[in-house]
Amino acid sequence: MIDYSRIYKVRKQKKGKNYNREKKRKLYSSFIKVSLIVIILLAIVSLLSGIGKLIIYLSSVSILLSLGNGLMAIGNITFSNLGVIFFLVVIIAITNNIKAIITGLFVLLFFFSFQQFFIEYSYDVKNIQFKSFLFFYTNLNTANLSSIFGLIYLKLPLVGGLILGVLSSYIFNKYHEYRLPKNIGFLNGISFVTLVLIPIIIVFDFLYVLLFIGFNEIILLFNNILISSDNIGNLIGAGLISMLIKFFGFDQIENGGAFLPLYSYDSFLSHFIHAANQHGWKLSQFTNNWYNQNNVVSEELNRVWEYLQHLSFGNKKFSNLTWINLLSVGNLPIDAKGTLAPFTEWFTSGSINDILAANYNQTNALTFSLAFSMGVVSILTAKKENRLSTISIIILIIGSTILTGNLWPLELLFLFVTPFLYCLMYLPINLFNWVIMFGLGMYAPLDYSQGLVLFLITGFKYHGLFSNLHLVVILNICWITVITPVVCRYVKWNNLSLVGYQEEILPRITKRQYHEIFNH
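Take UniProt numbering: the final residue in the sequence shown is number 520, and no numbers are missing along the way.
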């Protein structure tokens, strides 16, 4: 005899699994729609910021300089608060409720306010200084601090914003229908979710600061390990760390999203002295001349050192590579025998640990060809009915990356919308970036952080000093002509969904049917 109750039970369980699978698919689809709108807006902001940089560089008119500074400020503020932006994106995608967005704003206010319990700080004449985190951990780096309404708090990184958004959405969906009874006084009728969020956010703040301390110590530990030895694997490790610190908020976002340490002019001079010492030259404190071990004076180093001593840049801070490009320095002796080499090549000794210790910009030698290649793959694999809208979005985002050097819109597009393409093309190139540069003899990486236009205007003549700069150009061409068709064929063969492949994503956005996203 057939046990129909068991069959019904199995069917019911199967239906439940399908329902959960369908629910997750719709949730991810909703997240993609909202994210894609935000990423398009970020690309536009990035273009405006890039235009501001060009105006500042090319113009000396005060009105235009003010306009350029304003456009750059818009970009700096936007990309410094990506965690907040995607915190709201997650709430919109999960809840589709305007009340949830308002609740999310209160969550942010609580999140920033309650950090005052765990962060001690003091002011001096010029700036803010740390006292401690959680009353025991001291740190002199204030780059991760920000302020709003007079509140000092740790910046909310992209990963933190996503986690906080999921947490807030879950609590809202679970408790937003509950309200306090009317017989308890002035709090009657208030939403129960508000009271639930307060202790949860306090605990989350504590964990957030604790994770910041732990992650900071781990980064410092790995950084010291990488610098301590001369190993090719350290270059891959440096690439991994540079990617992690970006998404966890330990970077200088205002400089295009790449991990780009900034140094004062005095710090740059100390790096100059270190480089000279590595090449066998010592500075005499009595005569202010440079000698080698045989007490032979270097006229080139003396001339450059005297020139550098008479310059003044105030409180301005730039990367090492930007300082090199700003200063008109000729060839310098790369060994104690007096063999001359271009300043950019001279600045590093060519060993792996010295390159990592110099904290150069982790900028990809294949940035432009990689962006172009990923865009081409997305367009060629899009459905015919979506191809035009796909082309418009790809041109905007790839154009923004190439012209401004800001990798955030590109990374967010392929990380959220097409994670397969991100893992297949973008991730390995970033991990092996320094290995590629070192293999080509490019010990000081090409500085693309300001974009292609400013690179061609300001930096190309300096990088032209490299004897094998042409290898970078050849490598970019090979990537476009060889790797792109292979990846495109693989995507089509496996029927993978990329930008423009899923019909429900792009047409709704390009037709401006935003009401479908917010259920209006």
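Yeah, the Cβ is synthetic: ideal placement off N, Cα and C, and Gly gets one too.
In this text, all values refer to a predicted model and were calculated from it rather than measured experimentally.
Less than 8 angstroms divides the Cβ of N476 from the Cβ of F368.
Ranked by how close their Cα comes to the Cα of F416, the residues Y57, K33 and W290 have K33 in first place. With respect to L48, G75 sits close: the two C-beta atoms are nearer than 8 angstroms. As computed with DSSP, W290 is found in a beta bridge with L283. For I395, there is no enclosing beta strand (DSSP E); the enclosing alpha helix (DSSP H) has its first and last residue at R387 to T404. When DSSP states are grouped into helix, strand and coil, S59 belongs to the coil group.
Taking L326 as the centre and dropping the five residues before and after it, the same chain places the C-beta of F318 closer than 8 angstroms to its C-beta, in chain order. In the three-state scheme derived from DSSP, where H, G and I count as helix and E and B as strand, L156 is classed as coil. Burial of H279 is indicated by the presence of at least 16 other C-beta atoms within 10 angstroms of its C-beta. A straight line joining the alpha-carbon of N96 with that of V90 spans about 10 angstroms. Partner residues in the beta bridge of F318, as assigned by DSSP, are Y263. If you draw a 10 Å sphere on the C-beta of A73, you find fewer than 16 other C-beta atoms in it, and that means exposed. For T78 and F86, the gap between their C-alpha atoms comes out near 11 angstroms. Just so you know, the alpha carbons of N216 and Q116 end up roughly 20 angstroms apart.
Counting along the chain, L108 sits inside the alpha helix (DSSP H) bounded by residues I98 to F114. W479 sits buried, since 16 or more C-beta atoms from the chains shown fall within 10 Å of its C-beta. DSSP lists Y153 as the beta-bridge partner residues of S146. In this structure, DSSP gives E217 a helical state, which the three-state scheme calls helix. The three-state secondary structure of L308, taken from DSSP, is helix. Proximity to I44 across T390, T404 and K23 peaks at T404, based on C-alpha coordinates.
M374 is positioned such that its CB atom lies closer than 8 angstroms to that of L421. Under the 10 Å beta carbon count, Y170 is surrounded by fewer than 16 other beta carbons and is classified as exposed. The C-alpha of A276 is placed about 9 angstroms away from the C-alpha of W290.
Listed as beta-bridge partners of A341 by DSSP are L332.
In this structure G83 is in contact with L156, their Cβ atoms being roughly 3 angstroms apart against a cut-off of 8 angstroms. Nearest to E300 by C-alpha distance, out of G338, K316, F268 and H271, is G338. With a contact defined as Cβ atoms closer than 8 angstroms, K492 and T418 miss out at about 14 angstroms. In this model, Q293 and F455 are separated by some 39 angstroms (Cα to Cα). Contact check for I241 against N223 passes: the beta carbons are separated by less than 8 angstroms.
In the three-state scheme derived from DSSP, where H, G and I count as helix and E and B as strand, V296 is classed as coil.
Under the three-state reduction of DSSP output, E177 falls in the coil class, being neither helix nor strand. Ranked by how close their Cα comes to the Cα of V159, the residues L88, G439 and L221 have L88 in first place. Here N69 is near I56, since their CB atoms are less than 8 angstroms apart. Distance from I379 to I391 at the Cβ level is roughly 6 angstroms; contact confirmed, criterion being Cβ atoms closer than 8 angstroms.
Looking at the backbone, the Cα of F272 and that of F347 are separated by about 7 angstroms.
With a cutoff of 8 angstroms on beta-carbon distance, F111 and D230 are scored as not near each other.
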